[in-house]
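Protein chains: 2
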Amino acid sequence: MTTIRPSGAPVGAPEDRSGAGTGRSDSRARILRSALGLFARHGYDGTSLKAIAGQVGVSTPALYWHFESKDEIYHAAVEQMLDDFLDAVRGTLRAPEPLPRFRELVAAHVRWQLERREEAGVYAQTMGMRQLAASLSPEQRDRILQMQRSYLEEWRTILARGREDGVFDFADLRTTAFAVISLCEYVHTWFNPEGALSVDAVVDLYVDLALRMVGAELRQEVA
Amino acid sequence: MTTIRPSGAPVGAPEDRSGAGTGRSDSRARILRSALGLFARHGYDGTSLKAIAGQVGVSTPALYWHFESKDEIYHAAVEQMLDDFLDAVRGTLRAPEPLPRFRELVAAHVRWQLERREEAGVYAQTMGMRQLAASLSPEQRDRILQMQRSYLEEWRTILARGREDGVFDFADLRTTAFAVISLCEYVHTWFNPEGALSVDAVVDLYVDLALRMVGAELRQEVA
DNA sequence: GCGTCCTGAATTAACGTTAAGTAGACTGAT
DNA sequence: ATCAGTCTACTTAACGTTAATTCAGGACGC
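Quick note, the sequences are listed as chains A and B, same order. With the working numbering as the guide, the letters of the first sequence map in order to residues -3 to 219. With the working numbering as the guide, the letters of the second sequence map in order to residues -3 to 219.
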C-alpha cells in the first residue's frame, strides 16, 4: 500500500525539458498537469509534494514559488480540470431542441470521461469524500459548487423542456437528472481502452441508454 | 485540508463500552467498524491509526494485537463490507425468472447503497484509484476481484436469460451490465437523506430506470 | 502463573513548509 | 560595451510535526 509512493526516487521519469530554454515559465502548468495525474491515482493524502516535484523535474520547495501550499495546488488542479470539462462539453452543444441537445450533452460528457480517464477520477474523489470537500476554503468550495450547480441546471432545463414538448417521458425530474449524470460520470470506472469496444462505440451505446432512461422514442436518428 | 485529521484528540467520541465487561473481545469487530467509517470519509492515507484507536477507545498500539498492519485493517474492513453487501443483496433474491429477479437485484443493490451510504464509498475508492487496488497483496486482490467477478456474472446471467426469453431488449450485454451496475453503485453520491425523497421512493424510481435501460416493458407490476 | 489484551515510551521515516543562498536573464546608467 | 542592480526561478539545508510500527511491561481472568 505504502509502496506506491516514492521513498527516495521520484515516482516518474522527469519530463523532457529540452525544447525552448524555459520559455517564460510553463512550470505552473506542468506542475498542475503532474499533480492532477498523481492526485487522481493516489488521492490527496497519498500524493506527496516530493512526488509531484519529482515528476516535474524540480525540487520540492520549488513548488512554493508557484503556489502557496499543497492545498492550493490541489484546488487549482481540480478547478482547471473542471473548467476544461465544462468548456469541452458546452463547446459541442449546438441544437436548441431538447432531444438532439440531450444527445449532444450525453455524448460529450461520456466522451470526455473516456478520453480523459486518468484525470476524471479526481473530481469524483473530491466530491465523494464529503469531509474533504467541506475542508476546502469557502471560496474554493463555492466556486466549485457554483460550477456544479450550473451544469446540473443545464441538464434539468433540457429534461424539463423535453417533457413539456412531449419528447421525453419520465417520473421524477431531479432523480432522473442525477441518475443520467452519474451514469455518464462513472463510465471511466469500468471502461478498458484495450477492450473490444472503442470510445465511439461506448458513446453511442450510452446515448441510447440515456435516451431510454428519459423515455425518448429511440428510433428517430435518421428522421 | 489537513485539519480534518485529528491532531491531538480522537476524531470522534469513544464508543460506549459499559455493557458486558469486554465479553470475549469484540474489539476486532469494533475496530473494523470504526476503521471502515473513517476510511470512507477520509480515504486510506487520510486515516491515521490514532484516529481509529481513538474512536474505538484504545491506544494505538492496541490495534497491533488484533491486526498485523494498517494494510490488514484496511483490507479486512473492505472485505467484510463486501461480504455484507453480497449477503444482503443475494438474500433478497427469490424469483427465478429474469424480469422479477432483475427487479429484486436492482432494488437490493440500491437499497443497500442508500442505507449504508457512509461505508459505501470505500469500495468505490479502492477500485477507483487503480494503483491503490494494485498494491494490495496478491491474495487480497484476488479475493476481492473474485467477489467482484461473481457478482458481475450474476447480473450478466440475468440479462442474458432475459434477452433469450424476449423480456429484455438491449444492444450490448457487457456494456449494459456495467451501465446498470454503475448506476446503482453511485446513487449514494447524490442522495440526500434530508431531502424530499425517501429511500423507498428512490429505490422504486431506480428500478424503473434500470428496466428501461434493459428494454423491459414497464407496465407489468400488477399483472 | 499462564494466556489475553492492553499501555506508555521510544524509534525511524516521511511529511509539508520555511530559510537562506545562487545562477542566469533583463534593465538602465555610464 | 560594460557593469551594478534587480527580478525570476530555482537550489540545498533544515525545522517541527506526525505517521506507522516496535518493545518492554502490566493488569485481569482462569
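Even glycine gets a Cβ: it sits at the ideal position worked out from N, Cα and C.
Can you give the beta carbon distance from residue i to residue j, rounded, assuming they're within the 8 Å contact cut?
{"i": "Ala36 (chain A)", "j": "Tyr202 (chain B)", "result": "Wrong, their Cβ atoms sit about 28 Å apart, outside the cutoff."}
{"i": "Ile140 (chain A)", "j": "Leu78 (chain A)", "result": "7 Å"}
{"i": "Leu179 (chain A)", "j": "Ser178 (chain B)", "result": "7 Å"}
{"i": "Ala31 (chain B)", "j": "Ile69 (chain B)", "result": "5 Å"}
{"i": "Asp41 (chain B)", "j": "Asp41 (chain A)", "result": "4 Å"}
Going by alpha carbons, who is nearest to residue i out of the options?
{"i": "His38 (chain B)", "options": "B:Val85, B:Ala72, B:Glu114", "result": "B:Glu114"}
{"i": "Ala84 (chain A)", "options": "A:Ser65, A:Val118, A:Arg112, A:Ala91", "result": "A:Arg112"}
{"i": "His105 (chain A)", "options": "A:Lys66, A:Trp151, A:Leu28", "result": "A:Trp151"}
{"i": "Asp118 (chain A)", "options": "A:Thr88, A:Ala72, A:Ala192, A:Glu135", "result": "The sequence shown places Val at residue 118 (chain A), rather than the Asp named in the question. Per the Cα distances, A:Ala72."}
{"i": "Glu135 (chain A)", "options": "A:Glu75, A:Leu207, A:Ser55, A:Thr56", "result": "A:Glu75"}
{"i": "Pro57 (chain B)", "options": "B:Arg99, B:Ile27, B:Tyr40, B:Glu149", "result": "B:Ile27"}
{"i": "Glu149 (chain A)", "options": "A:Arg170, A:Val102, A:Gly53", "result": "A:Arg170"}
{"i": "Lys66 (chain B)", "options": "B:Leu132, B:Leu193, B:Val198", "result": "B:Leu132"}
{"i": "Arg107 (chain A)", "options": "A:Gly87, A:Pro92, A:Glu93", "result": "A:Gly87"}
{"i": "Ala197 (chain B)", "options": "A:Glu181, A:Ala167, A:Trp186, A:Met209", "result": "A:Ala167"}
{"i": "Gly53 (chain A)", "options": "A:Gly191, A:Glu160, A:Asp22", "result": "A:Asp22"}
{"i": "Gln144 (chain A)", "options": "B:Trp186, B:Ser146, B:Arg145", "result": "B:Trp186"}
Who are the near neighbours of residue i in its chain, counting only those whose CB is closer than 8 Å to its CB and skipping five residues on each side?
{"i": "Leu34 (chain B)", "result": "Val7, Thr43, Ala47, Ile48, Gln51"}
{"i": "Ala173 (chain A)", "result": "Leu148, Trp151, Arg152, Leu155"}
{"i": "Val210 (chain A)", "result": "Phe98, Leu155, Gly158, Phe164, Asp165, Phe166, Thr172, Val176"}
{"i": "Glu100 (chain B)", "result": "Thr88, Leu89, Arg90, Ala91"}
Residues in its own chain within less than 7 Å of residue i by CB, not counting five upstream and five downstream?
{"i": "Arg24 (chain A)", "result": "His62"}
{"i": "Leu95 (chain A)", "result": "Gly158, Val163, Ala212"}
{"i": "Leu45 (chain A)", "result": "Thr56, Leu59, Lys66"}
{"i": "Asp161 (chain B)", "result": "Pro94"}
{"i": "Ala192 (chain B)", "result": "none"}
{"i": "Asp80 (chain B)", "result": "none"}
{"i": "Ser146 (chain A)", "result": "none"}
{"i": "Glu64 (chain A)", "result": "none"}
Is it right to say residue i is buried, meaning 16 or more other beta carbons lie within 10 angstroms of its own, or is it exposed?
{"i": "Pro189 (chain A)", "result": "exposed"}
{"i": "Gly17 (chain B)", "result": "Low local confidence applies: a pLDDT of 40 at Gly17 (chain B) is under 50, so the model's placement there is unreliable, with the coordinate-based value given in what follows. Its Cβ having fewer than 16 others within 10 Å, Gly17 (chain B) is exposed."}
{"i": "Gln142 (chain A)", "result": "exposed"}
{"i": "Thr153 (chain B)", "result": "exposed"}
{"i": "Arg29 (chain B)", "result": "buried"}
{"i": "Glu181 (chain B)", "result": "buried"}
{"i": "Asp138 (chain A)", "result": "exposed"}
{"i": "Arg20 (chain A)", "result": "The predicted model places Arg20 (chain A) with a pLDDT of 47, which falls under 50 and marks its position as unreliable; any figure quoted below should be read in that light. When all chains shown are included, Arg20 (chain A) counts as exposed."}
{"i": "Asp204 (chain A)", "result": "buried"}
Below 6 Å CB to CB, which residues in the same chain sit around residue i once its five sequence neighbours on both sides are set aside?
{"i": "Arg90 (chain B)", "result": "none"}
{"i": "Gln109 (chain A)", "result": "Ala116, Val183, His184"}
{"i": "Val195 (chain A)", "result": "Leu110"}
{"i": "Ala206 (chain A)", "result": "Val102, Val176"}
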